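Colleague:
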Amino acid sequence: MPREHLLKIGVSGIRGVVGEFLTPQLAAAFAQAFGTYVNAGRVAVGRDTRASGPMLQRAVTCGLLAAGCDVVDLGILPTPTIQMFVAATRARGGIALTASHNPPEYNALKLFNAEGLFFNHYERNELLDLYHQSQFRQALNDETGRVITEYGRPMRLHIERVLAHVDAARIRERRFRVALDAVNGAGAVMSPRFLRDELNCDLRAIFIDPTKPFPRIAEPRPDTLGEIAELVRREQCEIGFAQDPDGDRLAVVDETGRVLDNDDVLALAVDAALERLPGDVVVNLTTSSVIDDVAAAHGRKVFRTPVGEANVVETMQSVGACIGGEGSNGGIIFPAVHLCRDSYTGMAFLLERMAQTGLRCSELAGRLPRYFRRFGKVAYQHGRLAALMQGLEDEYPGAALDRSDGLKLMLPEGWIHVRASNTEPILRMAVEARSEETTEALYARVTELLSA
Amino acid sequence: MTAAHVLDFASAFGTLAGPGPVVVGRDPRASGRMIHEGVASALAACGHDIVSLGVVSTPVIQHAIRRLNAAGGISIGASHNSVEWNALKFFGPQGVYLSTAEAGELLDIYHLRKFSFVEWDKLGAVRSEADAIDRYLDELAAVFDLDAVRGFKVVVDCCNGTSSLILRRMNERFGLEFLLINAEIEGRAFAHEPTTNARTVKLQLAPLMRPLGADAGFLFDVDSDRVALATDLGEAVSEEMVLPMLADWLLPRGPGKLIITNLSTTALLEEVAARHGGRVVRAPVGRQAAMDALAAYRPEQIAVAGEGTGAVMMPQFRFIYDGIASMLGILTMMRERGKKLSEIVESYPRYSMLKGEVPLVTQRIPALLMELRERNRDARLNLLDGVRADYDGRWLHVRVSQTEPLVRVICEQRGDPPQALFDGLMEHVRSFV
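Quick mapping for you: the protein sequence lines, in order, are chains A and B.
Using our numbering, read the first sequence as starting at 13 and increasing by one per residue.
Using our numbering, read the second sequence as starting at 10 and increasing by one per residue.
Written out as structure tokens, the structure is:
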């Protein structure tokens, strides 16, 4: 495994393999830099269910107290719940201990500002400078803050926010039979409460024990969701929801046990959002054109951003978007609830669509325009990047180009997006077209060009 | 004491300690919570489970280490220092202070920063234990006859520290009636400096004795390992008296005949020892040296060990510096002898001590010590820690501080203060500046 995987201290915070790389020292120092940056005051801290969570939360608490912050201990909560709580309680900021969909040996500090949003580009750089200079605020004894626990209230707050934006009565009436796979993660407690108690679903849940390890690969993808697909079929559920360990991403299984394409899930959520509220749509460059079709049907615009939740969120803020997200990784961002990826908004939207239309989940997805996508990655040498990109341009001279994140080529028959990973020396590529043959042909050609 | 220091020291201890849980407790200083979180995090990262006792005295931590058969323990607190200080104290298995060798190894690991962090699925977990004080009191009640202390009117100045938790519980559980002042647990401002010396007692506690009609007064430091006294007559007793009084009580009880102490404590000890056929063993100043000296004897050879600071340990009570146990010892002595505290104090010959310090550049120290040896060659000399010279009825001790670039000067005399000796000595030491 290349060294870059094991620890990354960068603009997205600090992430790494716990043990030799992500140490309590690093976590405390980073938290103290954060506490210095927000200049004391209240900071909320929550975590997902990773084994290293309690250890790192103590290190973070130590660093924040040392910087003179009061620490609000939220315990185990989904990341979006933490973000909403920070914003609602006017805390100076928040820290979530979660490596999201990464394997259990990883953990990370995710940092939020007073609005409960991921640090933007400028905030992140400033924090990083503070961290590197190690000139932290050192609270004197009588300036040392307190630790306050806040369990329960954040969950209620989040659930109320979501329910305010859907026709919950209609969902309850239908008493859907719903399958859930919470990967024993941060959603393990909140999701049953949301679906069973709040939305009156006939719930069939697996992996809802937050004290147990992740039972499957943490990232909810078609190839990792065999159990819930099987559960849906066996229990004849109408829909199945699968979360990642920190409850921001959502994957959906239809009543036949098929895992829906994440871009299609986002398209259904976009459709639901545009139906009720004004505003445009923001997605990243790699998200399917199906979003453009859905937006066009509502007479709205689509803005494209570089890959990364922070990029999508920043553009959503500046254009006052109604909804946004990143298709491939299952992120639905609905600012009326909060400007963050939220699996709960996604669940509510899908159940509401089913309740309103009377259609099955597979039928809802089947009504969307059909696109075929293929994703892949190839290793590259740093010096060769420009030549590889030039080769692509030369191959498709008529294409419209977008260079805001790697290179995206818009062709009459589809599009190609190639970008260098932020975390590893690989190129990620995505190809989409209206037919499977065209997609395969484009993918093969691109792979050939990039491997040259 | 930054978060970074806390994490590195606790990681070093987690690396040094053998397998097994580590007991952690703290005194009430506000910064203690910050330090506790860092310590727990670092120990968990080294694979140790943590038994967290919350706000408790250092002796309670030491007893818990032994009871739980733990790999060691960390006490977070700065004892008799003022509120803005904080510190870590490390204990090995059985709750004993680290030996000089272990302490050296701990520092080496700290400086190398080579910590044995475990993998993510082997991290330790934190468990809270709320009844550590009660378990400690079980042992206390087994060693001391608590009925013997019943009926005295005892005033205790807790200095907002951990002794109040213990004594309040003793009142509840054993129906005792210790009258507690400054008993609120407080982390930001103590009622007064938590120093267990006669000056603090004279200012804070002694004036209350007569108005309250108290039989005895005790003043504790924040982590309750030291104690100082006020008599029924409202007199502040020198902190040097705690050890001789307890030696006087313990020596006849046997079997131990040794008093282990350091070179700077009162010569009254030799008189008390002689009364009971005992002997005084003097080690260099500092807790580590005391531990090393203790380790050189079998437990049953020792009657008592301690310092002139009011920190005393008894073999009956696990060789742990414990102010509460010292207090119970003195109260028991009053009961057994049927005497007032003032009468007991008066029964000893009076010794007077003078203390001073001189800042000195390190390179001048060998010459100073050499000359002191020369000047005092007619005295009985002990050179284990600077120069201690004993004459009949008086002695002097000049040594280098372990914590500051200072030379400490102490003189003591049977009877009145040895002012001329002290002044001459100070002048001599200053001539080396």
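For glycine and all other residues, C-beta sits at the position ideal for the given N, C-alpha and C.
Just so it is clear, the structure is predicted and the values come from calculations on it, not from any experiment.
Verify whether the separation of the beta carbon atoms of residue 360 of chain B and residue 249 of chain B is less than 9 Å.
Modeller: In the second sequence, the residue the question calls residue 360 of chain B occupies position 351. In the second sequence, the residue the question calls residue 249 of chain B occupies position 240. Closer than 9 Å, so yes.
Colleague: Look at the alpha carbon of residue 31 of chain B and the alpha carbon of residue 335 of chain A, and state the distance between them as a whole number of angstroms.
Modeller: Position 22 of the second sequence holds residue 31 of chain B. Position 323 of the first sequence holds residue 335 of chain A. So the two alpha carbons sit approximately 51 Å from each other.
Colleague: Could you give the DSSP three-state label for residue 19 of chain A: helix, strand or coil?
Modeller: Position 7 of the first sequence holds residue 19 of chain A. Correct three-state label for residue 19 of chain A: strand.
Colleague: Just the chain A side, please: which residues come within less than 7 Å of residue 129 of chain B by C-beta, in chain order?
Modeller: Position 120 of the second sequence, counted from the first residue, corresponds to residue 129 of chain B. Going along chain A in sequence order, the residues near residue 129 of chain B (Cβ under 7 Å) are 30, 31, 63, 64, 116, 117.
Colleague: Should residue 73 of chain A be flagged as near chain B, meaning a C-beta pair shorter than 9 Å?
Modeller: Here residue 73 of chain A refers to the residue found at position 61 of the first sequence. Judged by the 9 Å Cβ criterion, residue 73 of chain A is in contact with chain B.
Colleague: Among all the DSSP beta bridges, which residues are the ones paired with residue 420 of chain B?
Modeller: Counted from its first residue, the second sequence places residue 420 of chain B at position 411. According to DSSP, which records beta bridges pairwise, residue 420 of chain B is partnered with B:363, B:405.
Colleague: At a CB-CB cut-off below 7 Å, which residues of chain B make contact with residue 293 of chain A?
Modeller: Against the first sequence, residue 293 of chain A aligns to sequence position 281. Those within 7 Å of residue 293 of chain A in chain B number zero; the least Cβ separation is about 39 Å.
Colleague: Under a CB-based cut-off of 9 Å, is residue 11 of chain B close to chain A?
Modeller: The residue given as residue 11 of chain B occupies position 2 in the second sequence. At least one chain A Cβ lies under 9 Å of residue 11 of chain B.
Colleague: Just list the residues that DSSP pairs residue 81 of chain A with in beta bridges.
Modeller: The count along the first sequence starts at 1 and reaches residue 81 of chain A at position 69. Answer by DSSP bridge pairing, in chain order: A:53.
Colleague: Which residue comes first and which comes last in the beta strand (DSSP E) that contains residue 306 of chain A?
Modeller: As a working note, residue 306 of chain A is residue 294 in the first sequence. Per DSSP, residue 306 of chain A belongs to no beta strand (DSSP E); it is in the alpha helix (DSSP H), 302-309.
Colleague: Curious, which full-length beta strand (DSSP E) runs of at least 3 residues does the region 192-275 of chain B contain?
Modeller: Fully enclosed beta strand (DSSP E) runs of 3 or longer: 225-229, 236-240, 267-271.
Colleague: Buried or exposed for residue 418 of chain B, please, with buried defined as at least 16 other CB atoms from any protein chain shown within 10 angstroms of its CB.
Modeller: Here residue 418 of chain B refers to the residue found at position 409 of the second sequence. Burial call: buried.
Colleague: Less than 9 Å between CB atoms is the rule here; does residue 54 of chain A satisfy it with respect to chain B?
Modeller: The residue given as residue 54 of chain A occupies position 42 in the first sequence. Judged by the 9 Å Cβ criterion, residue 54 of chain A is not in contact with chain B.
Colleague: 9 Å is my cut-off, CB to CB: does residue 14 of chain A come that close to chain B?
Modeller: Residue 14 of chain A sits at position 2 when you count from the first residue of the first sequence. In this prediction, residue 14 of chain A has a pLDDT of 44, which is less than 50 and means its spatial position is unreliable; what the coordinates show is noted afterwards. Closer than 9 Å: no.
Colleague: Roughly how many angstroms lie between the CA atoms of residue 75 of chain A and residue 47 of chain A, to the nearest whole one?
Modeller: The sequence position of residue 75 of chain A within the first sequence is 63, counting from 1. The sequence position of residue 47 of chain A within the first sequence is 35, counting from 1. Each residue's alpha carbon lies about 8 Å from the other.
Colleague: Which class does residue 389 of chain B belong to by DSSP, given the choice of helix, strand or coil?
Modeller: For the purposes of this step, residue 389 of chain B is taken as the residue at position 380 of the second sequence. Of the three classes helix, strand and coil, the one that applies to residue 389 of chain B here is strand, per DSSP.
Colleague: Starting from residue 166 of chain B, trace the alpha helix (DSSP H) in both directions and tell me its first and last residue.
Modeller: Along the second sequence, read from residue 1 onward, the residue named residue 166 of chain B stands at position 157. From DSSP, residue 166 of chain B is part of no alpha helix (DSSP H) but of the beta strand (DSSP E) over 163-166.
Colleague: Assuming residue 277 of chain A and residue 342 of chain A make a contact with CB atoms under 8 Å, what is their CB distance in whole Å?
Modeller: Position 265 of the first sequence, counted from the first residue, corresponds to residue 277 of chain A. Position 330 of the first sequence, counted from the first residue, corresponds to residue 342 of chain A. Yes, residue 277 of chain A and residue 342 of chain A are in contact; Cβ-Cβ is about 7 Å, under 8 Å.
Colleague: Per DSSP, residue 317 of chain A forms a beta bridge with which residues?
Modeller: Against the first sequence, residue 317 of chain A aligns to sequence position 305. For residue 317 of chain A, which the question treats as bridged, DSSP gives the partners A:296.
Colleague: Measuring only between beta-carbons, confirm whether residue 198 of chain A sits less than 9 Å from chain B.
Modeller: Reading the first sequence from its first residue, position 186 is the one you call residue 198 of chain A. No - not a single Cβ of chain B is within 9 Å of the one on residue 198 of chain A.
Colleague: Based on the DSSP output, what are the partners of residue 191 of chain A in its beta bridges?
Modeller: For this step, residue 191 of chain A is matched to residue 179 along the first sequence. BP columns for residue 191 of chain A point to A:216, A:252.
Colleague: So, under 8 Å CB-CB, residue 244 of chain B and residue 351 of chain B are touching, yes? Tell me the CB distance rounded to an integer number of Å.
Modeller: Counting from 1 along the second sequence, the entry for residue 244 of chain B is found at position 235. Counting from 1 along the second sequence, the entry for residue 351 of chain B is found at position 342. Yes, they are in contact, since the Cβ atoms of residue 244 of chain B and residue 351 of chain B sit about 7 Å apart, within 8 Å.
Colleague: Hey, how far is the Cα of residue 268 of chain B from the Cα of residue 299 of chain B?
Modeller: For the purposes of this step, residue 268 of chain B is taken as the residue at position 259 of the second sequence. For the purposes of this step, residue 299 of chain B is taken as the residue at position 290 of the second sequence. Taking the straight line from one Cα to the other gives about 11 Å.
Colleague: Can you give me the start and stop residues for the alpha helix (DSSP H) that residue 398 of chain A sits inside?
Modeller: Stepping through the first sequence from its first residue, residue 398 of chain A is reached at position 386. Counting along the chain, the alpha helix (DSSP H) containing residue 398 of chain A begins and ends at 397-407.
Colleague: Roughly how many angstroms separate the alpha carbons of residue 344 of chain B and residue 153 of chain B, rounded to a whole number?
Modeller: Mapped onto the second sequence, residue 344 of chain B falls at position 335. Mapped onto the second sequence, residue 153 of chain B falls at position 144. Using only the alpha carbons, I get a separation of about 12 Å.
Colleague: In the DSSP assignment, what residue or residues form a beta bridge with residue 234 of chain A?
Modeller: As a position in the first sequence, residue 234 of chain A is number 222, starting the count at 1. DSSP lists no partner for residue 234 of chain A.
Colleague: If the criterion is Cβ atoms closer than 9 Å, does the pair residue 59 of chain B and residue 136 of chain B meet it?
Modeller: Taking the first residue of the second sequence as 1, we reach residue 59 of chain B at position 50. Taking the first residue of the second sequence as 1, we reach residue 136 of chain B at position 127. Yes; because the gap between Cβ atoms is below 9 Å, this pair is in contact.
Colleague: Could you list the residues in the region 316-335 of chain B with a C-beta less than 7 Å from some C-beta on chain A, going in chain order?
Modeller: Listed in sequence order: no entries.
Colleague: Taking the alpha carbon of residue 130 of chain A as the point to measure from, which residue in A:351, A:459, A:463 has its own alpha carbon closest?
Modeller: The sequence position of residue 130 of chain A within the first sequence is 118, counting from 1. The residue with the shortest Cα to Cα distance from residue 130 of chain A is A:351.
Colleague: Give the list of continuous beta strand (DSSP E) stretches no shorter than 3 residues that lie fully inside the region 291-350 of chain B.
Modeller: Within the region 291-350 of chain B, the complete beta strand (DSSP E) runs of at least 3 residues are 311-315.
Colleague: Assuming residue 250 of chain A contacts residue 373 of chain A (C-beta within less than 8 Å), just tell me the rounded distance between them.
Modeller: Position 238 of the first sequence, counted from the start, is the residue given in the question as residue 250 of chain A. Position 361 of the first sequence, counted from the start, is the residue given in the question as residue 373 of chain A. The Cβ separation is near 7 Å, so the contact holds.
Colleague: Indicate whether residue 391 of chain B and residue 401 of chain B have their beta-carbon atoms separated by less than 9 Å.
Modeller: Here residue 391 of chain B refers to the residue found at position 382 of the second sequence. Here residue 401 of chain B refers to the residue found at position 392 of the second sequence. No, the pair does not count as a contact, with Cβ atoms beyond the cut-off.
Colleague: Please state whether the Cβ-Cβ distance between residue 109 of chain A and residue 159 of chain A is less than 9 Å.
Modeller: By 1-based counting over the first sequence, the position of residue 109 of chain A is 97. By 1-based counting over the first sequence, the position of residue 159 of chain A is 147. Contact flag unset, no.
Colleague: Cβ of residue 101 of chain B within 9 Å of Cβ of residue 26 of chain B?
Modeller: Within the second sequence, the letter at position 92 stands for residue 101 of chain B. Within the second sequence, the letter at position 17 stands for residue 26 of chain B. Cβ distance < 9 Å, so residue 101 of chain B and residue 26 of chain B count as in contact.
Colleague: From the beta carbon of residue 47 of chain B, is the nearest beta carbon of chain A less than 9 Å away?
Modeller: To locate residue 47 of chain B, count along the second sequence from 1; it is residue 38. So, interface residue.
Colleague: Measure the beta-carbon distance from residue 235 of chain A to residue 354 of chain A and round it to whole angstroms, keeping in mind my assumption that it falls under 8 Å.
Modeller: Here residue 235 of chain A refers to the residue found at position 223 when the first sequence is read from its first residue. Here residue 354 of chain A refers to the residue found at position 342 when the first sequence is read from its first residue. Not confirmed; about 24 Å, so no contact.
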